[in-house]
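The next block holds one structure in the form of structure tokens; read it before the comments.
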Amino acid sequence: MNTLNSESVQAAPHRILVVDDNRAIHDDFRKILGSDITGDEFDSEEAEMFGPSSCVSDKVHFDLDFASQGREALDRVLAAGIAGRPYSVVFMDVRMPPGWDG
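Our numbering numbers the first residue of the sequence shown as -7 and each following residue consecutively.
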């Protein structure tokens, strides 16, 4: 089982593939995951409520790739595997006419 620790967070960006025929969904994922994410805002609120924490806060970076159809997604997954840079996770729409979907 993989666990998230400071070494794995800093070692390499987590690669994410978003598959959706709606470009607005791609934009939403960019807004949410496209910039480095820190827990700074939550850490300060947590410290106010519960006192200081001994945890070290790390930035998490995601490399985002996008596809509009299932076949394109498969091509990206296969290419990523060949390159030795597989995706950590794929978010896939379950209905994408006219081709393959999730």
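We put the CB at the ideal spot given by N, CA and C, even for glycine.
| Asked | Found |
| --- | --- |
| Spatial distance of residue 8 from residue 78 (CA atoms) | 9 Å |
| Where residue 81 falls, given that 16 or more other Cβ within 10 Å makes a residue buried | exposed |
| Contacts around residue 60, its chain only, beta-carbon distance under 6 Å, and the 5 residues preceding and following it disregarded | 13 |
| Nearest-angstrom beta carbon gap, residue 68 and residue 99 [assumed within contact, 8 Å] | In the structure displayed, the chain extends from -7 to 94; residue 99 sits before or after that span and is not available. |
| Simplified DSSP assignment, three categories, for residue 55 | strand |
| Buried/exposed call for residue 0, threshold 16 Cβ in 10 Å | Because residue 0 sits at a pLDDT of 47, beneath the cut-off of 50, its placement in the model cannot be relied upon, and the point is left open. |
| Own chain partners of residue 58 with C-beta closer than 6 Å, once the 5 adjacent residues on each side are dropped | 10 and 18 |
| Beta-carbon proximity check, residue 56 vs residue 26, cutoff 8 Å | yes |
| Cβ neighbour criterion (16 or more within 10 Å) applied to residue -7 | Residue placement at residue -7 is flagged as unreliable, the pLDDT there being 49, under the threshold of 50; a coordinate-derived value is accordingly withheld. |
| Proximity winner among 89, 42 and 24, relative to residue 52 (alpha-carbon distances) | 24 |
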